[in-house]
Amino acid sequence: MPIPPIETIKWFSLLLAALLLTSFGTTFPNRLNQYRSPRPHNGVRLFNECLARSQLAFFNYFLAIAITAPLQNHPNTKMFLLPIAVMSAFFYMGSIAASVELDVRLREFHGCPVQGTSAGACAHTVGIWEFTKMSYRYVFSTLLLTILAIYFAFVAGS
Ligand SMILES: [Zn+2]
180 MPIPPIETIK
190 WFSLLLAALL
200 LTSFGTTFPN
210 RLNQYRSPRP
220 HNGVRLFNEC
230 LARSQLAFFN
240 YFLAIAITAP
250 LQNHPNTKMF
260 LLPIAVMSAF
270 FYMGSIAASV
280 ELDVRLREFH
290 GCPVQGTSAG
300 ACAHTVGIWE
310 FTKMSYRYVF
320 STLLLTILAI
330 YFAFVAGS
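For the sequence shown, the numbering used here gives the first residue as 180, with consecutive numbering after it.
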């Protein structure tokens, strides 16, 4: 496999660092909160919250490429960067709005007593189908942004 150009590697590294940082920024406070007052189904909720917050990192990423990458060979592609950055911001807002309602969804799915209970008091295990129903919108939007991010990393390097 040929090694991608240095510019592409640079953008990949930036994206990876931003994603790791947002994941850490979501997971670390969650660890402390879980220790103090545990919530049931923390795994699936944290997974979706990490995906939701990562979309802000994509916003930064696309904005940074739009501002700093010259893309002389791709003047038409460059025009798409700002709309895509705006789309990332909308995805972020939509996902965050949806993620604060995850407990409502859990209640719909299996009558989960999410609020007002202590120490993960729900005995129900979230199965693969329930997990899919809860996560598909986050996975889909994050996947779309990831594909676009990889595409633009290669465009910036060519
Ligand atoms: Zn439950």
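A virtual CB, placed ideally from N, CA and C, is assigned to each residue, including glycine.
Using three-state DSSP, classify residue i as helix, strand or coil.
{"i": "Q234", "result": "helix"}
{"i": "G336", "result": "coil"}
{"i": "A243", "result": "helix"}
{"i": "G388", "result": "This structure leaves residue 388 out entirely; the chain is present only between 180 and 337."}
{"i": "T304", "result": "coil"}
{"i": "R215", "result": "helix"}
{"i": "T325", "result": "helix"}
{"i": "L250", "result": "coil"}
{"i": "I182", "result": "coil"}
{"i": "F226", "result": "helix"}
{"i": "F259", "result": "coil"}
{"i": "E309", "result": "helix"}
{"i": "V279", "result": "coil"}
Apply the 10 Å Cβ neighbour rule to residue i and answer buried if 16 or more other Cβ atoms are within range, or exposed otherwise.
{"i": "T247", "result": "exposed"}
{"i": "M180", "result": "exposed"}
{"i": "N212", "result": "exposed"}
{"i": "F203", "result": "exposed"}
{"i": "E287", "result": "exposed"}
{"i": "T321", "result": "buried"}
{"i": "I326", "result": "exposed"}
{"i": "L225", "result": "buried"}
{"i": "S278", "result": "buried"}
{"i": "T201", "result": "buried"}
Report all residues from its chain with a CB closer than 7 Å to the CB of residue i; omit the five preceding and five following residues, and keep chain order.
{"i": "F310", "result": "V223"}
{"i": "I263", "result": "F241 and L327"}
With a CB to CB cut of under 6 Å and the five nearest residues on each side skipped, what residues in its chain are close to residue i?
{"i": "L194", "result": "Y240 and A328"}
{"i": "V305", "result": "H220 and V223"}
{"i": "L261", "result": "A245"}
{"i": "H289", "result": "H303"}
{"i": "Q251", "result": "none"}
{"i": "E228", "result": "T205 and S278"}
Which same chain residues end up closer than 8 Å to residue i when comparing Cβ atoms and leaving out the 5 residues on each side of it in sequence?
{"i": "P184", "result": "G336 and S337"}
Within 6 Å of ligand 1: residues by beta-carbon to any heavy atom:
Here the residues come out as P219, H220, L285, H289, C291, C301 and H303.
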